[in-house]
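Each residue of the sequence shown is one higher than the last, beginning at 0 in numbering that gives the first Met the number 0. All C-beta atoms, glycine included, are put in the ideal place defined by N, C-alpha and C.
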Amino acid sequence: MATMIDPRRTGKVALITGVGRTAGIGAGIARRLAASGWDIAFSHWSPYDERMAWGVEPGATDAIAAALADGGAASVAIEADLSDVATPARIFDQAEQALGNVTALVMCHCESVASGLLDTTVESFDRHFAVNARATWLLIREYGRRFRGTHGTGRIIALTSDHTVGNLPYGASKGALDRITLAAAHELEHLGVSANVVNPGPVDTGWMPDEVREQCIRQTPLNRLGTPQDTADLVDFLCSPQGQWINGQLLMSNGGFG
0 MATMIDPRRT
10 GKVALITGVG
20 RTAGIGAGIA
30 RRLAASGWDI
40 AFSHWSPYDE
50 RMAWGVEPGA
60 TDAIAAALAD
70 GGAASVAIEA
80 DLSDVATPAR
90 IFDQAEQALG
100 NVTALVMCHC
110 ESVASGLLDT
120 TVESFDRHFA
130 VNARATWLLI
140 REYGRRFRGT
150 HGTGRIIALT
160 SDHTVGNLPY
170 GASKGALDRI
180 TLAAAHELEH
190 LGVSANVVNP
200 GPVDTGWMPD
210 EVREQCIRQT
220 PLNRLGTPQD
230 TADLVDFLCS
240 PQGQWINGQL
250 LMSNGGFG
């Protein structure tokens, strides 16, 4: 369901993928961009959450849309299976019909099932690459084909991870995502679009067991975990006019985690 467009808005539209839980990084980015004058199209995929330990959050998309409206933003929520090659074009169709041309593409979606070299199944490996790598390429391709904004205003941002040990298909497919996104910084130069990758480090959005949480805190000089707001603040800056000069970069926004 789309909210009504406020004519006082700036006309900036952000398409954010992977916004299915109110505590998630995607939702935090959506709220932050809404506060900065962006209207928001956001995608989510309930069957993924159903497979995860945290499950589906009842009423999450309505709550996210309400929070965006409180920030003055029009929004549209789109249920989207990014393992389907037809989905990226459909997402853009729905976003444009509801809100207008997309200026910023922020990709927070992922397939993330922990497994290692010896126990990863071919099915899981292929699903990770379909969602994390192939869908990223198709979304960027769709964005590049449709972008109509003023030269220098376009933004592409993808969230990544450098975790691979015991998490092979996730980490490997995120590595592919990095290369695809950074290529856009050069291949879309004729559009004046900047493209960057952000590694937010360990952010507990409800998935961390206590022992993982404690270990990550010990490994971070600031002695805390990252928050969705930390990532959202950086994405907001990258999407601003002041962030234009940062381009083709893999940015570590992890509090010094290591």
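Here's a check: name, in chain order, each residue in its chain whose Cβ is nearer than 8 Å to the Cβ of V130, leaving out the five neighbours to either side. Residues L81, S82, H108, C109, E110 and S172 of the same chain have their beta carbon placed closer than 8 Å to that of V130, with the five preceding and five following residues left out of the count.
Stretch pair the stretch 149–157 + the stretch 230–241: three plus CB contacts closer than 8 Å: Using a C-beta cut-off of 8 Å, the stretch 149–157 makes contact with the stretch 230–241, since at least three inter-stretch Cβ pairs fall below that distance.
By how many angstroms is the C-alpha of G19 removed from the C-alpha of D48? Each residue's Cα considered, the two are about 8 Å apart.
For G223, which three-state DSSP category applies? At residue 223 the sequence reads Arg, which differs from the Gly that was named. Assigned with DSSP and collapsed to three states, R223 falls in coil, not helix or strand.
Which of the three DSSP states, helix, strand or coil, is assigned to V55? Residue state, collapsed to three classes: coil.
Between the CA atoms of A183 and I4 - distance to the nearest angstrom: For I4, the predicted model reports a pLDDT of 47, less than 50, meaning its position is unreliable and no value from the coordinates is stated.
If we count Cβ pairs, one from each stretch, closer than 8 Å, do we get three or more for the stretch 95–104 versus the stretch 113–130? Too few Cβ pairs lie closer than 8 Å, so no.
Between the CA atoms of E210 and P168 - distance to the nearest angstrom: Taking the CA atoms as reference points, P168 sits about 23 Å from E210.
Based on the DSSP secondary-structure assignment, which residues constitute the bridge partners of L104? DSSP output for L104 lists L14 and I155 as bridge partner(s).
What would DSSP say about D38, mapped onto helix, strand or coil? For D38, the three-state secondary structure derived from DSSP is strand.
To which residues does DSSP link N195 through a beta bridge? The partner list for N195 (beta bridge, DSSP) reads I156.
Expressed to the nearest angstrom, what Euclidean distance is found between the alpha-carbon atoms of F91 and L98? Roughly 10 Å separates the two Cα atoms.
May I ask which residues mark the beginning and end of the beta strand (DSSP E) holding L249? L249 to M251 is the extent of the beta strand (DSSP E) around L249.
Starting from V84, follow the alpha helix (DSSP H) in both directions and report where the run begins and ends. Unbroken run through V84: none, as it is neither H nor E.
What does the Cβ neighbour count give for P201, buried or exposed, with the cut at 16 atoms within 10 Å? If you draw a 10 Å sphere on the C-beta of P201, you find 16 or more other C-beta atoms in it, and that means buried.
When you compare each of W136, L187, G71 and R140 to G151 by their alpha carbons, which one comes out closest? Looking at the Cα atoms, L187 is the closest of the given residues.
Could you spell out the range, first to last residue, of the alpha helix (DSSP H) harbouring E78? Segment S74 to E78 is the beta strand (DSSP E) holding E78; no alpha helix (DSSP H) there.
When N166, E95 and P199 are compared against L117, the one with the closest alpha-carbon: Nearest neighbour of L117 by Cα position, chosen from N166, E95 and P199, turns out to be N166.
Indicate the three-state DSSP secondary structure (helix, strand or coil) for H189 in the structure shown. Of the three classes helix, strand and coil, the one that applies to H189 here is helix, per DSSP.
Should the stretch 134–147 be regarded as contacting the stretch 49–59, the criterion being three or more beta carbon pairs within less than 8 Å? Using a C-beta cut-off of 8 Å, the stretch 134–147 makes no contact with the stretch 49–59, since fewer than three inter-stretch Cβ pairs fall below that distance.
What does the Cβ neighbour count give for A79, buried or exposed, with the cut at 16 atoms within 10 Å? Classification of A79: buried, given that the 10 Å Cβ count is 16 or more.
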